[in-house]
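Colleague: Submitted below is the structure of interest, expressed as structure tokens.
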Amino acid sequence: MTDTSTDPIAQYRDLLATVPTGLWINGDSVAASTKETFSVDDPATGTSLLQIADATPDDAATALDSAVAVSEEWADTAPRARSEILRSTFELIREHADDMAMIMTLEMGKALPDSVAEINYGGEFLRWFAEEAVRVAGRFTKSPGGTGRIMVTHAPVGVAFAITPWNFPLAMGTRKIGPALAAGCTMIVKPAHETPLTMLYLAKLFGEAGLPAGVLSVLPTSKSAEVSTPLIADPRVRKISFTGSTPVGRTLIGQAAENVQRTSMELGGNAPFLVFDDADVDKAVEGAFAAKTRNGGEACTAANRFLVQEGVAEEFTAALTTKMKAMVLGRGYDSDTTLGPMVSVKQQSSIAESVSKAVADGARVRLGADPAEDAGCFYPATVLDQVPADAEIVCNEIFGPVAVISTFTSEDEAIAAANATEYGLAAYLYTQDLDRALRVADKIESGMVGVNRGVISDVAAPFGGVKQSGIGREGGSEGIYEYLTTKYIALT
Ligand code: NAD
Numbered sequence: 194m195t196d197t198s199t200d201p202i203a204q205y206r207d208l209l210a211t212v213p214t215g216l217w218i219n220g221d222s223v224a225a226s227t228k229e230t231f232s233v234d235d236p237a238t239g240t241s242l243l244q245i246a247d248a249t250p251d252d253a254a255t256a257l258d259s260a261v262a263v264s265e266e267w268a269d270t271a272p273r274a275r276s277e278i279l280r281s282t283f284e285l286i287r288e289h290a291d292d293m294a295m296i297m298t299l300e301m302g303k304a305l306p307d308s309v310a311e312i313n314y315g316g317e318f319l320r321w322f323a324e325e326a327v328r329v330a331g332r333f334t335k336s337p338g339g340t341g342r343i344m345v346t347h348a349p350v351g352v353a354f355a356i357t358p359w360n361f362p363l364a365m366g367t368r369k370i371g372p373a374l375a376a377g378c379t380m381i382v383k384p385a386h387e388t389p390l391t392m393l394y395l396a397k398l399f400g401e402a403g404l405p406a407g408v409l410s411v412l413p414t415s416k417s418a419e420v421s422t423p424l425i426a427d428p429r430v431r432k433i434s435f436t437g438s439t440p441v442g443r444t445l446i447g448q449a450a451e452n453v454q455r456t457s458m459e460l461g462g463n464a465p466f467l468v469f470d471d472a473d474v475d476k477a478v479e480g481a482f483a484a485k486t487r488n489g490g491e492a493c494t495a496a497n498r499f500l501v502q503e504g505v506a507e508e509f510t511a512a513l514t515t516k517m518k519a520m521v522l523g524r525g526y527d528s529d530t531t532l533g534p535m536v537s538v539k540q541q542s543s544i545a546e547s548v549s550k551a552v553a554d555g556a557r558v559r560l561g562a563d564p565a566e567d568a569g570c571f572y573p574a575t576v577l578d579q580v581p582a583d584a585e586i587v588c589n590e591i592f593g594p595v596a597v598i599s600t601f602t603s604e605d606e607a608i609a610a611a612n613a614t615e616y617g618l619a620a621y622l623y624t625q626d627l628d629r630a631l632r633v634a635d636k637i638e639s640g641m642v643g644v645n646r647g648v649i650s651d652v653a654a655p656f657g658g659v660k661q662s663g664i665g666r667e668g669g670s671e672g673i674y675e676y677l678t679t680k681y682i683a684l685t
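Per our numbering, the sequence shown starts with residue 194, numbered consecutively.
Structure follows, in structure tokens:
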């Protein structure tokens, strides 16, 4: 029998052997042109999980040639046929959900229940866009001046290039692949080098579902910029869809300007979570816990700043601290774990540094803030209150299980504090006063507002930000239009 105490990964080796380790090009798993590979590691132990083919610019060119070769045929494929392939892949994800969730936890670290939730959420994008594929409408009208008729149609934008982050290894991909394929675009995906396994597994499922070779390519690489830059510089690529940090997003928008490519940018967030005196505090704490700790806090929609009205601040803080204290920090694949490791030592150190600075700036530690010296990627659930409004931790995305709490006195003060950021992705507010809820939701500068809800992501809703949180929307009935161009045909 395997001794899992010395090698906890040993029991998962058979499962890992089901992941294709090559680049996914032309419907097949192939070695990199240089034959080079890179290691994908378990954040909990640092153990290498698999060696994965390391794509080069030459491999990217091969993937692009294959995407271009089938582009017209895929655009001309009946929407119903495209829809059925997306639907079949959704069914395959459901069939393999347990395996995919474990693979995700192994490469990304998060607690298994978080991966199970993501497999469900990520798969749903394929079901949703299978349904949207056959619902793209145009319009037809008479010109007001009586000079003719106006016909408006939508056409696939062309070859799309997607770059995805490590925090949601499936959903950030399917949120792009689903609408692109539904619209009739071919797509090349470059997953984050920390978490390519889930995406490679998905590519294999697309193959089993009958997706024609060349329509979808997956290019894992340790050299993101080197591989991406020539692809974006190639005018045959007509669309760039990126999810990741705002600084990288800015760079990509600059690169896309050269060929005037369409872009969708899902960038960083700094979500405020407002709790008013008239809120149901128990529900606010439930919502706060979900908004803070889902995905180990490594979510762009994570509540980054709790702004609590003075009358309920202590009650809220004490109750949230109790809930966060009950979290079990451990390896994501162990059955009692509710908080896994962060994705990397770099990520863990950046959280530790932000917390230390906040404490030095005057924040009070209510829980945690005490990682072990040899913590590796692990960071404990932490609650800070009395955090000064100008502390760095309030201004930057934390991306970890750290709740940062400040107080306010008036509604105007709360709105001003919520909007005092360059970001505008998600925001949350808790109040039992409907007028206030709508008034505040209107005034908050963000693409999404949760009212008395701590989790807002929904495949049927448009996801995206304003200000420096991005451009464009994913999901909902809006999402497919990111991959369609509008064409006007003038008739007599
Ligand atoms: P990141 O920007 O460092 O990396 C994201 C992706 O871009 C990765 O695949 C990476 O390899 C690639 N990349 C990095 N530099 C590149 C370059 N110069 N050229 C081409 N590709 C490059 O972000 P991250 O640390 O992986 O992810 C965390 C960030 O993503 C956070 O800021 C988070 O808010 C954001 N995010 C946003 C959303 C959203 O929908 N708005 C969702 C999830 C994550």
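Idealized CB from N, CA, C, for every residue including glycine.
(1) Which residues in the same chain as His386 place their Cβ atom closer than 6 Å to its Cβ, once the five residues preceding and following it in sequence are excluded?
(2) Using a threshold of 9 Å, state whether the C-beta atoms of Leu216 and Asp252 are closer than that.
(3) For Ser241, count neighbouring C-beta atoms within 10 Å of its own C-beta (all shown protein chains included) and say buried if the count is 16 or more, exposed if not.
(4) Short of 7 Å in beta carbon distance, which residues of its chain neighbour Thr514, apart from the five on each side in sequence? Order them along the chain.
(5) Could you tell me the distance, in whole angstroms, from the CA atom of Ala376 to the CA atom of Asp207?
(6) Does DSSP put Gly351 in a helix, in a strand, or in coil?
(7) Short of 6 Å in beta carbon distance, which residues of its chain neighbour Ser281, apart from the five on each side in sequence? Order them along the chain.
(8) Kindly indicate which residue of Asp626, Glu419, Ala619 has the alpha-carbon position closest to the one of Val642.
(9) Between which two residues does the beta strand (DSSP E) carrying Ser421 extend?
(10) In the DSSP assignment, find the alpha helix (DSSP H) that holds Tyr674 and state where it starts and stops.
(11) Nearest to Met517 by CA position, among Ala596, Ala254, Glu566, is which residue?
(12) Sorry if obvious, but does the Cβ on Trp359 come closer than 8 Å to a heavy atom of ligand 1?
(13) Out of Ala610, Phe592, Arg646, which one is the CA nearest neighbour of Phe361?
(14) Which same chain residues end up closer than 8 Å to Ala512 when comparing Cβ atoms and leaving out the 5 residues on each side of it in sequence?
(15) Cα-Cα, which of Leu522, Ala519, Ala225, Tyr572 is closest to Glu546?
(16) Counting along the chain, where does the beta strand (DSSP E) carrying Ser199 start and finish?
(17) Name the residue from Ala584, Asn313, Pro272 whose alpha carbon lies nearest to the alpha carbon of Glu288.
(18) Could you check the C-alpha separation between Ile446 and Ser232 for me, to the nearest Å?
(19) By DSSP, does Thr494 sit in helix, in strand, or in coil?
(20) Is the region 459 to 473 in contact with the region 644 to 662, if contact means three or more CB pairs nearer than 8 Å?
(21) Return the first residue and the last residue of the beta strand (DSSP E) that Ile218 is part of.
(22) Counting Cβ pairs closer than 8 Å, one from the region 299 to 306 and one from the region 633 to 651, do we hit at least three?
(23) Compare the C-alpha of Val468 against each of Thr298, Glu606, Gly302 and name the closest.
(24) Our contact map puts Ile598 next to Val501 with C-beta atoms below 8 Å; I'd like the distance itself, whole angstroms only.
(25) Using three-state DSSP, classify Arg443 as helix, strand or coil.
(26) I'd like to check one pair, Val538 with Trp359: are the Cβ atoms closer than 9 Å?
(27) Roughly how many whole angstroms lie between the Cα atoms of Met365 and Glu311?
(28) Could you tell me how far apart the beta carbons of Pro201 and Cys570 are, in whole angstroms, since I believe they sit closer than 8 Å?
(29) Extract the residue ranges of the alpha helix (DSSP H) inside the region 458 to 515, only unbroken runs of 4 or more that lie entirely within it.
(30) Between the region 340 to 350 and the region 659 to 679, do three or more beta carbon pairs fall short of 8 Å?
(31) If you draw a straight line from the alpha carbon of Ala210 to that of Arg273, how long is it in whole angstroms?
(32) Which of helix, strand or coil does DSSP assign to Thr211?
(33) Take Ala496 and list the residues in its own chain whose beta-carbon comes closer than 7 Å to its own, dropping the five residues that flank it on each side.
(34) Pull up the DSSP beta-bridge partners for Ser434, would you.
Modeller: Taking the coordinates as given:
(1) Counting only Cβ-Cβ distances below 6 Å, and skipping sequence neighbours, we find Ser415.
(2) Yes, these two residues count as a Cβ contact at 9 Å.
(3) Counting the other CB atoms within 10 Å of its CB gives Ser241 a total below 16, which places it among the exposed residues.
(4) A distance below 7 Å between beta-carbons, with the five flanking residues on each side excluded, links Thr514 to the following residues of its chain, in chain order: Arg559, Leu560, Val576.
(5) Approximately 37 Å between the Cα atoms of the pair.
(6) The answer is coil: DSSP assigns Gly351 none of H, G, I, E or B.
(7) Closer than 6 Å at Cβ, skipping near neighbours: Ala402.
(8) Closest option to Val642, Cα to Cα, is Ala619.
(9) Annotation for Ser421: no beta strand (DSSP E) segment contains it, though the alpha helix (DSSP H) segment containing it runs 417 to 426.
(10) Premise fails: Tyr674 is in no alpha helix (DSSP H) and is neither H nor E.
(11) Per the C-alpha coordinates, the member of Ala596, Ala254, Glu566 positioned closest to Met517 is Ala596.
(12) For Trp359, the CB falls within less than 8 Å of some heavy atom of ligand 1.
(13) The option with the nearest alpha carbon to Phe361 is Phe592.
(14) Sequence-distant Cβ neighbours of Ala512 in its own chain, meaning closer than 8 Å and more than five residues away, are Val474, Asp475, Val478.
(15) Looking from the CA of Glu546, the closest CA among Leu522, Ala519, Ala225, Tyr572 belongs to Tyr572.
(16) As written in the sequence, residue 199 is Thr, which differs from the Ser given in the question. For Thr199, there is no enclosing beta strand (DSSP E), as DSSP gives it neither H nor E.
(17) Comparing Cα-Cα distances from Glu288 to each of Ala584, Asn313, Pro272, the minimum goes to Asn313.
(18) If I take the Cα positions, the gap works out to 30 Å.
(19) Three-state result, Thr494: coil.
(20) Yes: at least three Cβ pairs fall under 8 Å.
(21) 216 to 218 is the extent of the beta strand (DSSP E) around Ile218.
(22) Judged by Cβ distances under 8 Å, the region 299 to 306 makes no contact with the region 633 to 651, as fewer than three pairs qualify.
(23) Across the set Thr298, Glu606, Gly302, the C-alpha of Glu606 shows the shortest separation from the C-alpha of Val468.
(24) Indeed they touch by this definition, with Cβ atoms about 6 Å apart.
(25) In this structure, Arg443 counts as helix in the three-state DSSP scheme.
(26) No, they are not a contact pair.
(27) Approximately 10 Å between the Cα atoms of the pair.
(28) Incorrect: roughly 14 Å between the Cβ atoms, too far for contact.
(29) 474 to 486, all fully within the region 458 to 515.
(30) Two segments are said to touch when three or more pairs of C-beta atoms, one from each, lie closer than 8 Å; by this definition the region 340 to 350 touches the region 659 to 679.
(31) So the two alpha carbons sit approximately 34 Å from each other.
(32) DSSP, read as helix, strand or coil, puts Thr211 in coil.
(33) Once the five neighbours on either side are set aside, the close Cβ partners of Ala496 are Ala464, Phe466, Ala481, Ala484, Lys485, Tyr621.
(34) Paired residue(s): Ala355, Ser457.
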